[in-house]
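In this note's numbering, the protein residues as written are 50 to 350. These notes concern the structure reproduced below.
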């Protein structure tokens with residue numbers, strides 16, 4: 050990426066609203082940054098059609114057994130990894146079906162790995178190592194939309210036939226042209242010039258929240274607006290799970306607790322057992338046969 054092309058990026062341009070931020074006190078800094086952040090949600094409101102299309106197409110692949118693979122460098126890569134990681138405790142998605150790849154490997158999650166984001170070869174190697182295929186969804190993240198590592202990932206994904214989704218913050222970028230679906234909110238210049246961990250990072254985080262939540266909803270991991278695949282790995286989550294059963298089935302807390310125990314802590318299995326009058330084993334078989342989609346089995350409402 051040459052210096053001239055970098056200087057033309059909106060995310061790298063200077064913000065005229067914040068030129069005097071260096072002379073402000075803490076109160077003024079907080080108000081100014083917050084006022085700039087208002088632009089983030091507004092910019093995303095203009096790309097919801099692209100996000101919706103990504104949800105529809107990604108959920109189709111995911112429901113058929115495909116994986117959600119997030120890839121990127123620096124802040125963008127870490128945000129992708131974070132979104133993937135959270136799908137396990139929240140929705141019970143195995144880490145093998147949703148995971149992040151960072152330029153520079155696991156070490157890059159905690160410290161900068163110099164030069165990793167500029168390596169196209171590294172991106173191809175990383176995706177080859179996880180066996181990227183046409184069944185998978187590849188979500189590549191880059192604020193600029195032209196990071197060599199993230200761009201090479203998109204190109205490789207296209208070659209193998211994966212669904213490629215670019216989450217970027219500059220229009221008309223190489224990644225937007227190469228990907229199947231480009232989600233490109235224009236957040237404008239950063240508060241601190243070029244610090245794309247700020248508005249760009251916030252935009253990417255919000256988009257990933259919408260995207261992955263939408264995929265989970267479409268794939269049957271949500272009943273009404275409740276997390277029926279939450280993993281009860283601590284006291285808070287056990288209590289939440291019992292509360293979810295209580296709310297959906299309109300039963301007492303005591304009854305909900307018994308259903309929770311009878312279903313071995315699996316809310317979805319518990320709902321099937323109660324609604325269809327099945328044993329645990331039969332409910333589990335039905336759940337697996339229907340690809341873990343609760344709506345196919347018991348409907349909604």
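Cβ atoms here follow ideal geometry from the backbone N, Cα and C, with glycine treated the same way. The structure displayed is predicted, hence computed values, not measured ones.
Which residues in the same chain have their Cβ closer than 8 Å to the Cβ of residue i, if we skip the five residues on either side of it in sequence?
{"i": "residue 325", "result": "332, 335, 346 and 347"}
{"i": "residue 53", "result": "Below a pLDDT of 50, predicted positions are generally treated as unreliable, and residue 53, at 45, falls in that range; no measurement from the model is reported."}
{"i": "residue 88", "result": "236, 237 and 248"}
Locate the beta strand (DSSP E) running through residue i, then write down its first and last residues.
{"i": "residue 139", "result": "First-last for residue 139: 123-140, but that is the alpha helix (DSSP H), not the beta strand (DSSP E)."}
{"i": "residue 149", "result": "147-151"}
{"i": "residue 189", "result": "186-191"}
{"i": "residue 230", "result": "230-232"}
For residue i and residue j, I'd like the C-alpha separation in whole angstroms.
{"i": "residue 238", "j": "residue 59", "result": "6 Å"}
{"i": "residue 307", "j": "residue 288", "result": "13 Å"}
{"i": "residue 340", "j": "residue 292", "result": "25 Å"}
{"i": "residue 271", "j": "residue 65", "result": "44 Å"}
{"i": "residue 193", "j": "residue 267", "result": "30 Å"}
{"i": "residue 100", "j": "residue 93", "result": "9 Å"}
{"i": "residue 337", "j": "residue 213", "result": "28 Å"}
{"i": "residue 140", "j": "residue 112", "result": "14 Å"}
{"i": "residue 182", "j": "residue 342", "result": "23 Å"}
{"i": "residue 210", "j": "residue 74", "result": "52 Å"}
{"i": "residue 243", "j": "residue 258", "result": "24 Å"}
{"i": "residue 286", "j": "residue 185", "result": "30 Å"}
{"i": "residue 316", "j": "residue 147", "result": "21 Å"}
{"i": "residue 126", "j": "residue 83", "result": "24 Å"}
{"i": "residue 129", "j": "residue 154", "result": "13 Å"}
{"i": "residue 304", "j": "residue 298", "result": "10 Å"}
{"i": "residue 81", "j": "residue 67", "result": "8 Å"}
{"i": "residue 158", "j": "residue 229", "result": "27 Å"}
{"i": "residue 240", "j": "residue 265", "result": "34 Å"}
{"i": "residue 199", "j": "residue 301", "result": "51 Å"}
{"i": "residue 61", "j": "residue 310", "result": "54 Å"}
{"i": "residue 164", "j": "residue 225", "result": "23 Å"}
{"i": "residue 138", "j": "residue 177", "result": "27 Å"}
{"i": "residue 145", "j": "residue 296", "result": "31 Å"}
{"i": "residue 160", "j": "residue 327", "result": "51 Å"}
Measuring CA to CA, which of the options is closest to residue i?
{"i": "residue 105", "options": "292, 308, 288 and 262", "result": "262"}
{"i": "residue 136", "options": "151, 117, 150 and 125", "result": "117"}
{"i": "residue 98", "options": "244, 142 and 234", "result": "234"}
{"i": "residue 279", "options": "195, 318 and 244", "result": "318"}
{"i": "residue 108", "options": "322, 269 and 313", "result": "269"}
{"i": "residue 151", "options": "143, 138, 142 and 132", "result": "132"}
{"i": "residue 273", "options": "294, 323, 223 and 284", "result": "294"}
{"i": "residue 277", "options": "312, 260 and 302", "result": "312"}
{"i": "residue 180", "options": "208, 165 and 196", "result": "208"}
{"i": "residue 410", "options": "138, 260 and 122", "result": "The question about residue 410 has no answer here: the residues shown for the chain are numbered 50 through 350."}
{"i": "residue 220", "options": "78, 96, 91 and 79", "result": "96"}
Report all residues from its chain with a CB closer than 6 Å to the CB of residue i; omit the five preceding and five following residues, and keep chain order.
{"i": "residue 216", "result": "190, 232, 253 and 256"}
{"i": "residue 251", "result": "89"}
{"i": "residue 119", "result": "129, 133, 149 and 188"}
Please list, in chain order, all residues of the same chain as residue i whose beta carbon is under 7 Å from its beta carbon, the five residues on each side excluded.
{"i": "residue 156", "result": "162"}
{"i": "residue 124", "result": "245, 246 and 250"}
{"i": "residue 34", "result": "Outside the shown range of the chain, which is 50 to 350, sits residue 34, and nothing can be said about it."}
{"i": "residue 63", "result": "238 and 242"}
Can you tell me where the alpha helix (DSSP H) holding residue i begins and where it ends?
{"i": "residue 359", "result": "Because residue 359 is not part of the residues shown, which for the chain are 50 to 350, the question remains open."}
{"i": "residue 216", "result": "Unbroken run through residue 216 is the beta strand (DSSP E), 212-217; no alpha helix (DSSP H)."}
{"i": "residue 80", "result": "75-94"}
{"i": "residue 329", "result": "329-338"}
{"i": "residue 254", "result": "248-267"}
{"i": "residue 97", "result": "97-112"}
{"i": "residue 116", "result": "No alpha helix (DSSP H) contains residue 116, which DSSP labels as neither H nor E."}
{"i": "residue 199", "result": "197-209"}
{"i": "residue 304", "result": "302-311"}
{"i": "residue 58", "result": "Residue 58 -> no alpha helix (DSSP H), and no H or E assigned at all."}
{"i": "residue 297", "result": "284-298"}
{"i": "residue 345", "result": "343-347"}
{"i": "residue 316", "result": "316-325"}
{"i": "residue 226", "result": "223-227"}
Return yes when the C-beta of residue i is under 7 Å from any heavy atom of the ligand NAD, and no when it is not.
{"i": "residue 184", "result": "Ligands in the displayed structure: none, and consequently the ligand NAD is not present."}
request  = Please determine if the stretch 168-183 and the stretch 191-208 are in contact, where contact requires at least 3 C-beta pairs separated by less than 8 Å.
outcome  = yes
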